[in-house]
Amino acid sequence: MAVFFRLKQFDGPLDLLLHLIGKAKIDIKDIFVSQITEQFIDAVRTAPDFDPEEASEFIAMAAMLVEIKSRALLPRPPKPEEDDPEQALIARLTAYKQLKESAETMAEFEKSALRVFGKLPEEIPLPPPTLEIDGLTLDALWQALLRVAERAPKGEEEAETMPQDIRRDCHTVEGCMKTIQKRLRAGATRFEELFEGKPNREEIVTLFIALLELLRLGKAYATQNDLLGAITLHQGRRKAVGDD
Amino acid sequence: METIEASHIIEAILFVSGDAVTVPDIALALNISEMETISAVEFLQREYESQTRGFTLRRYGDHLKLETRAEYAPYVERMLQPVQRQSLTQASLETLAVIAYRQPATKGMVEQVRGVKCDYSVQSLLNKGLIKEVGRKEALGRPILYATTDKFLEHFGISDIRELPTLP
Amino acid sequence: METIEASHIIEAILFVSGDAVTVPDIALALNISEMETISAVEFLQREYESQTRGFTLRRYGDHLKLETRAEYAPYVERMLQPVQRQSLTQASLETLAVIAYRQPATKGMVEQVRGVKCDYSVQSLLNKGLIKEVGRKEALGRPILYATTDKFLEHFGISDIRELPTLP
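Sequence lines, in order, name chains X, R and E.
Numbering of the first sequence is given in the numbering used here, commencing with residue 1 and proceeding in unit increments.
Numbering of the second sequence is given in the numbering used here, commencing with residue 1 and proceeding in unit increments.
Numbering of the third sequence is given in the numbering used here, commencing with residue 1 and proceeding in unit increments.
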């Protein structure tokens with residue numbers, strides 16, 4: 001009586017082979033002296049759900065079994081070859097059998113673990129997250145302030161604290177032009193002398209613009225004897241060379 | 001079934017269910033009477049109280065529910081929402097120092113003193129709750145004025161802004 | 001903090017979290033050392049056993065989890081109908097067994113032992129969170145290496161991979 005196996009019920013050709021070995025009640029080592037090879041090929045050929053696409057692994061195994069069988073008919077070489085396909089298959093089958101046993105033990109573990117139940121996390125409203133900030137000490141704050149103070153240009157306190165206030169200009173270009181002309185009328189003046197009396201930044205800028213304006217209008221001229229030497233300012237238009 | 005065993009099975013059922021379970025449902029699952037169920041529930045409640053366990057068994061009418069013990073709530077919250085540790089950058093600390101000493105201060109004032117753009121550090125201090133907006137300056141563009149918060153005082157361990165070290 | 005108080009706060013935390021929580025997380029929330037946390041956990045485990053409470057405290061790798069006592073499963077299941085718990089297929093179990101015993105393992109190694117393609121079962125185990133990618137093997141094609149997860153331990157009710165029976 002023919003027995004039909006559905007290939008889908010086996011996890012691959014090794015599984016089917018093990019099943020046949022189990023049914024025949026023989027040792028894995030003895031598969032090549034038994035009918036297992038023929039049974040396997042029969043089982044694959046007659047499987048009601050045989051599909052060459054899906055059964056490729058079974059077909060490959062069948063081909064290998066046939067090859068091993070046919071080799072057995074040939075005269076044996078004097079000593080066993082290094083990779084004897086017969087021994088290799090027996091080793092694979094043994095390893096696979098061990099694996100199946102491990103999987104069975106794990107299934108038992110799983111079965112008892114499925115008898116315990118956890119629970120879903122509770123949904124509880126949480127307060128806003130607490131933020132802890134490291135390094136916030138009065139000393140650190142104080143040091144930060146000192147660093148800022150050191151970097152800030154000196155004498156700018158006024159401007160810093162009231163940056164939005166627009167003050168009236170105390171110094172005008174016209175006023176400064178008059179001041180410079182008055183000084184030059186008294187005689188030639190060194191450039192630095194214009195800025196004596198600790199003028200603030202605004203006054204310096206205005207004085208300089210006024211001087212440039214006088215030079216442009218030809219109401220003053222500057223001389224410098226050496227490179228990077230002192231600049232002297234004179235009244236009136238510079239006389240062209242050879243004018244004397 | 002003994003009361004003590006019933007009570008611990010009820011404990012398991014309430015634990016898994018999470019939601020409230022009724023006395024009749026439990027009685028049915030344990031195949032005991034409602035009276036026996038109530039006895040077991042009361043036994044469990046006394047046990048939780050005498051052992052100061054992590055949860056309590058509350059009865060809402062016909063419904064029973066396991067809940068965490070209120071005293072342990074702060075630990076539970078800390079577990080679910082751990083404290084986030086952060087540190088301030090040098091830049092943020094400088095911005096904070098300028099605002100602390102000149103408050104209320106505008107971003108423009110901070111930038112003037114520090115000599116760099118301060119959008120990022122101002123935003124970061126706002127996010128951390130160390131400074132807050134307190135109005136707008138009556139000046140061109142009506143810039144936002146910032147001042148330090150109570151959280152600022154808390155972080156520095158002072159009760160008043162006047163406790164900051166004074167300028168030399 | 002005393003061990004007994006710590007243990008009952010841990011009970012509350014585990015109750016609320018439901019999901020597995022780690023020892024370092026708890027230590028941080030309670031502001032105690034990890035050693036003290038472990039002592040408290042062990043105290044709680046002994047208490048649950050000696051009192052035959054409704055649940056047990058299991059450790060899965062680094063994670064702790066409260067679970068119902070297995071003996072009470074019939075009652076709990078009656079309460080929780082319909083129970084939708086699935087066990088793994090034979091194919092998945094075999095693939096998982098190879099990975100569990102030889103981890104880290106490549107798909108090729110699994111296919112070698114099982115003698116069939118394992119793309120589907122590997123993907124399904126990844127989806128279930130029972131295995132994870134842990135790197136690539138320094139070999140031709142640099143195949144992905146897989147190892148088991150804490151969820152794997154939980155699924156099989158063991159605290160450590162070494163609790164699996166050793167291969168003959």
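Think of the CB as a built atom: it goes at the ideal place given N, C-alpha and C, for glycine as much as any other residue.
Please read all numbers here as calculations on a predicted model, not as lab measurements.
Around the beta carbon of A97 (chain E), 16 or more other beta carbons lie within 10 angstroms, which makes this residue buried. For R59 (chain R), the enclosing beta strand (DSSP E) covers residues F55 to Y60.
The three-state reading of DSSP puts R136 (chain E) in strand, counting E and B together. At a cut-off of 8 Å between beta-carbon atoms, H8 (chain R) makes no contact with chain X.
Buried is the label assigned to D25 (chain E), since at least 16 other Cβ atoms lie within 10 Å of its Cβ. For F15 (chain R), the neighbours in chain X by C-beta distance under 7 Å run, in chain order, K119. In this structure, the beta-carbon distance from V16 (chain E) to D62 (chain E) does not fall below 8 Å.
Fewer than three pairs of CB atoms, one per stretch, sit closer than 8 Å, so the stretch 135-149 of chain X makes no contact with the stretch 86-102 of chain E. Per DSSP, R46 (chain R) is one residue of the alpha helix (DSSP H) stretching across E34 to Q51.
It is roughly 38 Å from the alpha-carbon of P48 (chain X) to the alpha-carbon of E133 (chain E). In the structure shown, R216 (chain X) falls within a helical segment according to DSSP collapsed to helix, strand and coil. Using a 10 angstroms sphere on the CB of R190 (chain X), the tally of other CB atoms stays under 16, which defines it as exposed. L211 (chain X) and M177 (chain X) have their C-alpha atoms roughly 7 Å apart. Bounds of the beta strand (DSSP E) holding R85 (chain R) are Q84 to S87.
In this structure the stretch 14-30 of chain X does not touch the stretch 124-133 of chain E; the number of beta carbon pairs closer than 8 Å is below three. Between D51 (chain X) and V116 (chain E), the C-beta spacing is not below 8 Å. Minimum Cα-Cα distance from R46 (chain E) among the listed residues E:A20, E:L28 and E:E11 corresponds to E:E11.
A straight-line Cα-Cα distance of about 35 Å links R183 (chain X) and A152 (chain X). Under the DSSP definition of a beta bridge, I99 (chain R) lacks any partner. Residue pairing of H63 (chain E) in beta bridges, as defined by DSSP: E:T22 and E:Y60. When Cβ-Cβ separations below 8 Å define contact, V113 (chain R) makes contact with chain X.
Neighbours of V98 (chain R) across chain X, judged by C-beta separation under 8 Å: L145 and V148.
H234 (chain X) sits in a strand when the DSSP states are folded into three classes.
Within the stretch 61-88 of chain E, the residues whose Cβ lies closer than 8 Å to any Cβ of chain R are, in chain order, L66, T68, R69, Y72, Y75, V76, R78, M79 and L80. The continuous alpha helix (DSSP H) containing Y96 (chain X) extends over residues P85 to A113.
Burial is judged here by how many other beta carbons sit within 10 angstroms of a residue's own beta carbon; K107 (chain E) has at least 16 and is buried.
At least one CB of chain X lies nearer than 8 Å to the CB of F156 (chain R).
With respect to L164 (chain R), T149 (chain R) sits apart: the two C-beta atoms are not nearer than 8 Å. The beta-bridge partner set that DSSP reports for I131 (chain R) consists of R:T148.
Three or more pairs of CB atoms, one per stretch, sit closer than 8 Å, so the stretch 26-41 of chain R contacts the stretch 70-80 of chain E.
Excluding the 5 residues flanking it on each side, T37 (chain E) has same chain C-beta neighbours closer than 6 Å at V23, I26 and A27, in chain order.
The Cβ of P104 (chain R) sits no closer than 8 Å to any Cβ of chain X. Taking the C-beta atoms as reference points, T232 (chain X) is found no nearer than 8 Å to A220 (chain X). L20 (chain X) and F40 (chain X) have their C-alpha atoms spaced approximately 7 Å apart. Taking 8 Å as the threshold, the shortest C-beta distance from L30 (chain R) to chain E falls below it.
Taking the Cα positions, R53 (chain R) is about 53 Å away from R142 (chain E).
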